Amino acid sequence: MSQLHVSTHPLVQHKLALLRNQKTEPKKFREVVRELAILMVVDATADLPTVEVPITTPMGVANCQKLRDNLGLIPILRAGLGMVDGALEMLPYAEVWHIGLYRDERTLRPVEYYNKLPVNPTVQVCLVLDPMLATGGSAVATVDILKRWGAQHIKFVGLIGAPEGVQRLQTAHPDVPIYLAALDERLNEMGYIVPGLGDAGDRQFGTA
Ligand code: PRP
Ligand code: URA
Numbered sequence: 000m001s002q003l004h005v006s007t008h009p010l011v012q013h014k015l016a017l018l019r020n021q022k023t024e025p026k027k028f029r030e031v032v033r034e035l036a037i038l039m040v041v042d043a044t045a046d047l048p049t050v051e052v053p054i055t056t057p058m059g060v061a062n063c064q065k066l067r068d069n070l071g072l073i074p075i076l077r078a079g080l081g082m083v084d085g086a087l088e089m090l091p092y093a094e095v096w097h098i099g100l101y102r103d104e105r106t107l108r109p110v111e112y113y114n115k116l117p118v119n120p121t122v123q124v125c126l127v128l129d130p131m132l133a134t135g136g137s138a139v140a141t142v143d144i145l146k147r148w149g150a151q152h153i154k155f156v157g158l159i160g161a162p163e164g165v166q167r168l169q170t171a172h173p174d175v176p177i178y179l180a181a182l183d184e185r186l187n188e189m190g191y192i193v194p195g196l197g198d199a200g201d202r203q204f205g206t207a
């Protein structure tokens, strides 16, 4: 079973309250998604391997560390787009590879509509970005795509998850750790997370 990390950081919890509030408008919503992405990426990269590099300071030489691996950010369109800027602020050299999926409203199954991954993997670590882990269908489909591509180390970085989605992702991909800002109660009959925040794509892009 993969590890589930649910943040208890007070800043994360404070910002999540803003995001959940139905009165928060798209401009503020996008701002908070970006800020939460920064905080979540810090959490999700805490165990990345580093290598030692000597750095000359004005006073001498310091033994410093730099990241060993190339990183890829994999936002799931549309809602994952809002997490890219914040993640890139922390990881400016990361490659960004978009995966386009939408949930069929009736079946709740993910439908793939965009994938421009190159033939061979170009990164050692992939961070899948999507604010919502509901049924888990979109996350599982994205990890399937990345594994078929040849990705070795994949982490899921989200904001709100439902127990159903966590279990589905853990069962399908026990090697993929999951990082969330909150684990909510359940899904409703429409497949929405309760209490959640509503439709993350619509709330970011004003399309409700
Ligand atoms: C939302 C969300 C996830 C997916 C989660 O996307 O951003 O990708 O639903 O649901 P799941 O865990 O049940 O698959 P949606 O399909 O609404 O597309 P959008 O981001 O383009 O609005
Ligand atoms: N997608 C969303 O944007 N919100 C949910 O609650 C579930 C899926």
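Just so you know, numbering that gives the first Met the number 0 puts 139 at position 140 of the sequence shown, and the rest follows in order with no gaps.
The beta carbon of each residue, even a glycine, is placed where N, CA and C say it ideally should be.
This structure is a prediction, so every number in the text was calculated from the model and none was measured.
Worksheet item: How would you label T55, buried or exposed, when you count the other beta carbons within 10 angstroms and need 16 or more for buried?
Response: Looking at its Cβ environment, which holds fewer than 16 other Cβ atoms inside 10 Å, T55 is exposed.
Fill in: Ordered list of alpha helix (DSSP H) runs contained in the segment 80-151, each at least 4 residues
83-89, 136-148
Discussion item. Given 6 Å as the limit, tell me if Y92 has its C-beta closer than that to any heavy atom belonging to ligand 2.
Written reply: no
Item to complete: Please confirm whether Q151 and M0 have their CB atoms less than 7 Å apart.
Response: no
Item to complete: Could you check the C-alpha separation between V139 and V60 for me, to the nearest Å?
Response: 46 Å
Worksheet item: Tell me, which residues are paired with N62 by DSSP?
Response: P53
Worksheet item: Any chance the CB of M131 is under 6 Å from a heavy atom of ligand 2?
Response: When distances are taken from the beta-carbon of M131 to the heavy atoms of ligand 2, the shortest one is below 6 Å.
Discussion item. I need the DSSP call for G190, collapsed to helix, strand or coil.
Written reply: For G190, the three-state secondary structure derived from DSSP is coil.
Discussion item. Are there any heavy atoms of ligand 1 lying less than 6 Å away from the beta-carbon of R108, as far as the coordinates show?
Written reply: no
Practice prompt. Determine the contact status of G160 and L196, defining contact as a CB-CB distance below 7 Å.
Written response: Judged by their CB atoms, G160 and L196 are not nearer to each other than the 7 Å cut-off.
Item to complete: May I ask you to check if the CB of Y113 is nearer than 6 Å to at least one heavy atom of ligand 2?
Response: No - ligand 2 has no heavy atom lying nearer than 6 Å to the Cβ of Y113.
Practice prompt. Reducing DSSP to helix, strand and coil, say where P74 ends up.
Written response: strand
Worksheet item: From the DSSP output, which residues share a beta bridge with H8?
Response: In DSSP, H8 forms no bridge with anything.
Discussion item. What residue range does the alpha helix (DSSP H) around L196 cover?
Written reply: It is not in any alpha helix (DSSP H) - L196 carries neither H nor E in the DSSP assignment.
Worksheet item: Going by C-alpha distance, which of V142, Y191, R185, E163 is nearest D174?
Response: V142
Fill in: Option in Q166, L10, N187, L70 with minimal Cα separation from I177
The shortest Cα separation from I177 among Q166, L10, N187, L70 belongs to Q166.
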